[in-house]
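Q:
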Amino acid sequence: MEHEEPLDHVARIQADWRRERPEVDVAPQGVIGRLHRLGARITEELCLVYGRYGLSEGEFDVLCALRRAGEPYERAPGELAAHTMVTTGAMTKRLDRLERAGLVTRRRSADDQRGRIVALTTPGHALIDEAFTAHMRNERRLVDLLSPSEAAALETLLKTWLARMEPPGGSTDRHH
732 MEHEEPLDHV ARIQADWRRE RPEVDVAPQG VIGRLHRLGA RITEELCLVY
782 GRYGLSEGEF DVLCALRRAG EPYERAPGEL AAHTMVTTGA MTKRLDRLER
832 AGLVTRRRSA DDQRGRIVAL TTPGHALIDE AFTAHMRNER RLVDLLSPSE
882 AAALETLLKT WLARMEPPGG STDRHH
């Protein structure tokens, strides 16, 4: 008798649905359900590192967007919202907290008195450099659960799928 692998969480859900609704094709759940669970688990693992630096995921994203901007490490709040895919209201809350923590400053734009500019402070720059290094070590640890060839194949598949779902030259760029 051949040894069968135990069913994972998604396979158990699919089996239940096949029993209850045999006329519905639940095969896509095998991909989407596992991606959803994996995404949640990865987010949990990443947030542990952000938390070590006193940051939420959103705050980490804001600091990364400022750091990636290059000298002088500043952007307009609307640009930050676009780079981190959040509403301007949510961005204001993040910026309030980061400013209170001394990690960013806000000032009026020199060329537009209505505009504002958000800039990394020296402590903010030091913190995000340290946190980003730890974040990349953590991502390496997670990706290393796959072999190099598995990781490369998965990246190719995800890139293809994402390209088919997002508009060309997608304006949202959130991956740190």
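Just add 731 to wherever you are in the sequence shown, counting from 1, and you've got our numbering. Glycine included, C-beta positions come from ideal geometry on N, C-alpha and C.
(1) Would you mind listing the alpha helix (DSSP H) stretches within the stretch 766-813 that are 4+ residues and don't spill past its ends, in chain order?
(2) Are three or more beta carbon pairs between the stretch 800-813 and the stretch 842-859 nearer than 8 Å?
(3) Using a threshold of 8 Å, state whether the C-beta atoms of Val793 and Arg768 are closer than that.
(4) CB Val835 to CB Leu826, shorter than 8 Å?
(5) Would you call the CB atoms of Asn869 and Leu766 closer than 8 Å?
(6) Got a sec, what are the start and stop residues for the alpha helix (DSSP H) Val741 sits in?
(7) DSSP puts Arg837 in a beta bridge; with which residues?
(8) Quick check on the burial criterion: 16 or more other C-beta atoms within 10 angstroms. Buried or exposed for Ala771?
(9) Where Ser902 and Met896 are concerned, what is the direct C-alpha to C-alpha distance, given to the nearest angstrom?
A: Concretely, from the data shown:
(1) Here the runs fully enclosed are 788-799.
(2) The answer is yes - the stretch 842-859 touches the stretch 800-813, with three or more Cβ pairs under 8 Å.
(3) With contacts defined by Cβ atoms closer than 8 Å, Val793 and Arg768 do not form a contacting pair.
(4) When the beta-carbon positions are compared, Val835 and Leu826 come within less than 8 Å of each other.
(5) No, the pair does not count as a contact, with Cβ atoms beyond the cut-off.
(6) That run of the alpha helix (DSSP H) goes 740-751.
(7) Beta bridge pairing from DSSP links Arg837 with Val849.
(8) When all chains shown are included, Ala771 counts as exposed.
(9) Low local confidence applies: a pLDDT of 49 at Ser902 is under 50, so the model's placement there is unreliable, and no value is given.
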